[in-house]
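Participant:
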Amino acid sequence: MKNNLYKKLSEDGFLIVRNILNFKKDLKPILNDMEFVMDCLINKYGKRKDIKKVLNFDFKKKYTYISKLNINDLDQYFNTRLPRDHVKKNSDYFATHSLWNLITNKKILDVVEKILGKEIMSNPVQNTRIKQPEKKLPKASVHDGLSGKTPWHQDAAVLNTKGQKLTDMVTVWIPFTKTTKRNGCMITVKKINKIGLLNHISGYRGQVEIKNSELLDKMEHVYLEANVGDIILLHKHSIHCSLRNRSNDFRISADLRYNIAGQPSGREPLPNFYVRSKNKKNIQIKNFKQWLTLWEKAKEKRTGKYAFKYPLPTFKDNKRDLSNLV
Ligand SMILES: O=C(O)CCC(=O)C(=O)O
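Here it is, written out as C-alpha cells:
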C-alpha cells in the first residue's frame, strides 16, 4: 500500500515536510564542525599577522576570509565525498560525527521510510553548500552549484548508468538558514518528474545540466522556500535548480540521499550502507567510527585514480531532449 507522502512525491516531484528538525540539536553541531574546519584552514593558509584576529571572527566572517585565500577546491573541505578526480592519500573531506548523526537522524529516516519502504541505505551522493551573497563571490563561483547558483538538473543524472536505470533514490535537502526566493532557494516545475530521465549536457565547469534548460526558465515555477527545521524531498527525476543569492546574508544547506537497499548506489566505490532494515543484522555500520573507516577504505582503494565516474545521460537519439517532450 503506497502512503500519501509517497503518492505526493511521485505525483509532484517534491515534498516539503515542515518543522521536523531542531536547530540546536540536529543542525548547529554541523555548523560548529564547519567552523572548526575553518579555524584549521585559517591556521594553515591565513596570513600570519591576521590569524589571531580572524580566529575571533564569527562563522560568516571567517568563511568570507578563507574564501579569499585562493585555497584549491575549498568546497572539498566541507563536503563528505572524495575529490572526483585525482584522489590522494591525504585528500581531505568533511566526515564529522555531527554529519553522521544527521545522516542517521531518526526523524529524517521516519520520513524517508514512508517513501522508500523499510529497507533503506545511505547513498554517497551528498553535499553541503555554503553560499555567500552573490555580490561577494569571486566571478568563477557565481555559476558553481556549491557556492553560487545551481543549474537545472535531475539528481538521477549524477549516478552511473546502472544507477540511472535501476536506483530508487530520494534527495533530502536540509536548510541551516531560512531559504527564500531572495537568498537562492531551489525552484522546480510541478509534476515535471513524470517526464523521466532527460538528456543532460556538461555545463559550467563540467556540472551536469539539462539540455535546452532555457526552456525551463519560461515555465511556471514552484519556489521551494523553507524554514530552518523543514526538510525538502526531491524525486530522482524532479528537474530543479537554485536561484542566485541576492540577499546580504549566507544561505547554507545540506543535501543527503537515500536509496532502496539492494539497488546499486550509482557511485559504487563509495560508502553505501544500511541505515534502516527490518533485519537488524543488515545494520552493520552502527557508529561514526565505522562510517569514517568506510570512507578511508574507499580513499585507499581509489588513491591515484578517480573516486567515481558517471556518463551524462545522453540517449541515442534526441527523443529524450526536453525540447521534444514539452
Ligand atoms: O542547494 C542547491 O543549490 C541545489 C541542491 C540540489 O540541486 C540538489 O540537492 O540536488
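According to the numbering used here, the stretch in the sequence shown is residues 7 to 332, in order.
Note that the Cβ used here is the ideal one computed from N, Cα and C, for glycine as well.
#1: Return yes when at least one heavy atom of ligand 1 lies under 8 Å from the C-beta of His159, else no.
#2: Quick one: using the 10 Å Cβ neighbour count with 16 as the cut-off for buried, is Asp161 buried or exposed?
#3: For the alpha helix (DSSP H) containing Asp116, name the first residue and the last one.
#4: If you check the beta carbons only, do Leu11 and Leu21 fall under 9 Å apart?
#5: Going by the DSSP bridge assignment, what does Ser128 pair with across the sheet?
#6: Check the C-beta distance from Val176 over to Val118 and give it rounded, since I have them as a contact under 8 Å.
#7: Can you give the beta carbon distance from Pro319 to Gln170, rounded, assuming they're within the 8 Å contact cut?
#8: What does a CB cutoff of less than 8 Å around Asp45 pick up in its chain, not counting 5 residues either side in sequence?
#9: Using a Cβ-Cβ cutoff of less than 8 Å, which residues in the same chain neighbour Asn218 once the five nearest sequence positions on both sides are dropped?
#10: What's the C-alpha gap between Lys325 and Glu302?
#11: Once DSSP output is grouped into helix, strand and coil, what is the label at Val178?
#12: Counting only C-beta atoms, is Gly169 closer than 9 Å to chain B at any point?
#13: How would the residue list near ligand 1 read, in chain order, if you kept each one whose beta-carbon is closer than 6 Å to any heavy atom?
#14: Between which two residues does the alpha helix (DSSP H) harbouring Thr320 extend?
#15: In whole angstroms, what is the alpha-carbon distance linking Gln269 and Ile72?
#16: Who are the near neighbours of Ile258 in its chain, counting only those whose CB is closer than 8 Å to its CB and skipping five residues on each side?
#17: Between which residues of its own chain and Lys95 is the CB-CB distance below 7 Å, once the five residues before and five after are set aside?
#18: Grab the span of the alpha helix (DSSP H) containing Tyr51 for me, first residue to last.
Facilitator: Let's see:
#1: Here residue 159 is taken as the residue at index 153 of the sequence shown, counted from 1. Indeed, a heavy atom of ligand 1 lies less than 8 Å from the Cβ.
#2: Position 155 of the sequence shown, counting from 1, holds the residue named residue 161. Note on Asp161: 16 or more other CB atoms within 10 angstroms of its CB, so buried under the neighbour-count rule.
#3: Numbered from its first residue, the sequence shown carries residue 116 at position 110. Asp116 -> alpha helix (DSSP H) spans Lys112 to Leu122.
#4: Taking the sequence shown and counting its residues from 1, one reaches residue 11 at position 5. Taking the sequence shown and counting its residues from 1, one reaches residue 21 at position 15. Inclusion of Leu11 and Leu21 in the CB contact set at 9 Å is warranted, their separation being smaller than that value.
#5: Looking up residue 128 in the sequence shown gives position 122. Per the DSSP secondary-structure output, Ser128 pairs in a beta bridge with Tyr264 and Phe279.
#6: Your numbering for residue 176 matches position 170 in the sequence shown. Your numbering for residue 118 matches position 112 in the sequence shown. Contact flag correct, Cβ pair sits at about 6 Å.
#7: On the sequence shown, position 313 is the one that residue 319 refers to. On the sequence shown, position 164 is the one that residue 170 refers to. The distance from the Cβ of Pro319 to that of Gln170 is about 6 Å, consistent with a contact at the 8 Å cut-off.
#8: Here residue 45 refers to the residue found at position 39 of the sequence shown. Hits under 8 Å: Leu61 and Lys68.
#9: Within the sequence shown, residue 218 is the residue found at index 212, counting from 1. Same-chain partners within the cutoff: Asp327, Leu328 and Ser329.
#10: For the purposes of this step, residue 325 is identified with residue 319 of the sequence shown, where counting begins at 1. For the purposes of this step, residue 302 is identified with residue 296 of the sequence shown, where counting begins at 1. Those two C-alpha atoms are separated by around 42 Å.
#11: The sequence position of residue 178 within the sequence shown is 172, counting from 1. In this structure, Val178 counts as strand in the three-state DSSP scheme.
#12: The question asks about chain B, but that chain is absent: this structure has only one protein chain.
#13: Taken from the N-terminal end onward, the list reads Arg135, Gly151, Thr156, Asp161, Thr177, Trp179, Met192, His246, Ser248, Ser259 and Asp261.
#14: Within the sequence shown, numbered from 1, the residue matching residue 320 stands at position 314. Neither: Thr320 is in no alpha helix (DSSP H) and is coded neither H nor E.
#15: As a working note, residue 269 is residue 263 in the sequence shown. As a working note, residue 72 is residue 66 in the sequence shown. Going from the Cα of Gln269 to the Cα of Ile72 covers about 40 Å.
#16: In the sequence shown, the residue the question calls residue 258 occupies position 252. Spatial neighbours of Ile258 in its own chain (CB-CB distance under 8 Å, excluding positions within 5 residues in sequence) are listed in chain order as Leu37, Thr134, Arg135, Ile136, Lys137, Pro181, Phe182 and Thr183.
#17: Sequence index remark: in the sequence shown, residue 95 carries index 89 (1-based). If we look at Lys95 and ignore the five residues flanking it on each side, its Cβ neighbours are Thr309.
#18: Along the sequence shown, one-based indexing puts residue 51 at 45. According to the DSSP assignment, Tyr51 belongs to the alpha helix (DSSP H) that extends over Lys34 to Tyr51.
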